[in-house]
Every structure is written in structure tokens, then in C-alpha cells.
Amino acid sequence: MATARLLLLLTVAAAAGSCCFGEETMGYGEEPAAAKAGGVACGSWRLAVEAHNIIGWKAVPADCADYVARYMTGDRYQRDSDVVINEAVAYAESLKLSGKGKEIWVFDVDETALSTLPYQANHGYGVQPYDSTSFLQYVAQGTAPALQPTLRLYRRLLQLGIKPVFLTDRTGDQRAVTAHNLVQQGYCSWEKLLLQPVGLQTSTQAFKTGERQKLVSAGYVIVGNIGDQWSDILGSPEGCRTFKFPNPMYYVD
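Residues -22 to -1, 1 to 231 (mature numbering (1 follows the signal peptide of the UniProt record, and there is no 0)) make up the sequence shown, in order.
The following block contains the structure:
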């Protein structure tokens, strides 16, 4: 009788475990088995992009168009974003500040502080190659919504006494509309808004690395650095700790 009861319990537990596993997998909305880019499952392609194993790509593979659209508009993108921000908040709360007011946190703008998803939705979520004219027209509207997880981090940093600095490859002629957009979406009291000079011929990584060096030379301590591109966070001085926000829609070097 005891043996039979044990077997019954094991059977029930195994069945329950199978149900839970199935629900979790379905809940994340992963791509159908047939969705592949160059023979690689689109979920694996996205992971390789986020891990910086696939670099220099110009557009989302056409076979992964539906997958990326579902990812960006579904729960998984929100979950992934929250994981990043939760870790960033926990790290910030663990810091012991000097009391000199020189600790700063560097934020990228597009796909980090502000979302261009309304624009991306009309351009295949990255399947269509980048078109600077139409993108700049979107930026000029000044209507990009805040990424709420990032805004949560931003507000917590202000409470802790860490000063936010925006560092973006938007150009100087977009300063007014960018500042207005940020304020309208709840970002305020930043220390600096650093934009790329019009006509500067350099990579985003080189520009941002140079600007961070200027900040350090001016006596600031970069305690944190967050961006959606690896070019936002690579290059010394990166900051005491970096955080990569998810973005499988485009690549900026």
C-alpha cells in the first residue's frame, strides 16, 4: 500500500511539473519551431545579438520579423527590461556615496530612456534598413514615450543623490526637442544632456567613450552606465558598472 501511494504521488508530481513547464514556455511567446534566420532559431539569434556575438548587422532577418514584433510588443520584453532595471536599482541602493555630489549615472536616450517603438512599428521592427530621414522626422515630433522601467531607475537615483547624465548620439540640433521630450515624459533634474556635434565623423562608441573621459577628467565618478547598444557601454572609462537594455531591432557601432 505504501509503495502504491508513493508511485501515485510521483505520478501526480510529474504531471504537475509538466503542466507548469508548458505554461511558462507558452507564456513567454517564443517563436514557432519553423521560425529561423539562416538556419538559426530566432530566439537564439536574439540571444546572440544581445550577447554581442552577432555584430555589424544591418537589419532584422526577414524570417524573424514576426518573432521580433511579438517580442517587442509582448510580455517578454517587459520582463527582460524589468530584470535589468531591478538589478540596476539594487546595485545603486548598495552604493556608499562620497557626499561630494560627484557620482553620476550615464543614460543613453533612444531605446533606453525613450522608446521609438511607435516609429519601429511602422518600419517592420527593424526588418527595414535604417532610414535616417524618416527617423529624424520621428525624433523631431518629440513624442517618444518613456520606457517606464528606466524612468523608475532614474527617479530612484535622484532619491539616492546620484546625478543622471544623458549621453546620446542624437545631434546638437536636436537638443531642444530632446530636452522637451524627456521632460514631458517625466525625466527632470539631470546633470547634463550631452549630444553629438553635427557633422562629427566618428563611431558612436568612440564619441561616447570620449565624452565619458571628459566627465571623469572633470571630477565626476561614473557609478553606473546603461544603454541598449554595446557601443553605449563599451570603451574605457565605462563606469563602475554597466547595464545592457534589451534591443533586437537595430545595431549601432
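From the three backbone atoms N, C-alpha and C, an ideal C-beta is built for every residue, glycine too.
It should be emphasised that the depicted structure is a prediction, and the values quoted were computed from it without experimental measurement.
Nearest candidate by alpha-carbon position, reference residue i, set the options
| i | options | result |
| --- | --- | --- |
| His101 | Ala91, Tyr116, Leu92 | Tyr116 |
| Tyr49 | Tyr103, Ala124, Ile82 | Tyr103 |
| Arg130 | Cys42, Ala47, Phe85, Ala154 | Phe85 |
| Leu114 | Lys80, Ser76, Leu160, Tyr97 | Tyr97 |
| Trp168 | Ile63, Val176, Tyr132, Gln183 | Tyr132 |
| Val194 | Phe221, Glu81, Ser93, Leu92 | Glu81 |
| Arg219 | Val230, Asp231, Gly205 | Gly205 |
| Ser209 | Ala70, Asp147, Arg134 | Asp147 |
| Gln119 | Gln162, Met227, Leu136, Tyr55 | Gln162 |
| Ala91 | Asp41, Thr156, Leu138 | Thr156 |
| Leu160 | Asp88, Val38, Val230, Ala37 | Asp88 |
Extent of the continuous alpha helix (DSSP H) to which residue i belongs
| i | result |
| --- | --- |
| Pro127 | 126 to 138 |
| Gln191 | 182 to 195 |
| Val230 | Element bounds for Val230: n/a, residue is neither H nor E. |
Presumed contact (8 angstroms Cβ cut-off) between residue i and residue j, rounded CB distance
| i | j | result |
| --- | --- | --- |
| Arg153 | Leu173 | 6 angstroms |
| Phe144 | Leu125 | No, Phe144 and Leu125 are not in contact; Cβ-Cβ is about 13 angstroms, not under 8 angstroms. |
| Thr128 | Ile63 | 6 angstroms |
| Pro224 | Glu28 | 6 angstroms |
| Lys14 | Asp41 | 6 angstroms |
Host beta strand (DSSP E) of residue i (start-end)
| i | result |
| --- | --- |
| Glu81 | 81 to 85 |
| Lys219 | Per the sequence shown, residue 219 should be read as Arg rather than Lys. Element bounds for Arg219: n/a, residue is neither H nor E. |
| Gln174 | 170 to 174 |
Inspect the CB distances between the stretch 177 to 192 and the stretch 213 to 223 and report whether three or more fall short of 8 angstroms. yes
Contact between the stretch 45 to 60 and the stretch 16 to 35 (3+ Cβ pairs under 8 angstroms): yes
Sequence ranges, alpha helix (DSSP H) only - wholly within the stretch 8 to 60, length at least 4: 20 to 28, 43 to 51
Report the residue ranges of all alpha helix (DSSP H) runs contained in full by the stretch 76 to 123; include only those spanning at least 4 residues, in chain order. 95 to 99, 110 to 119
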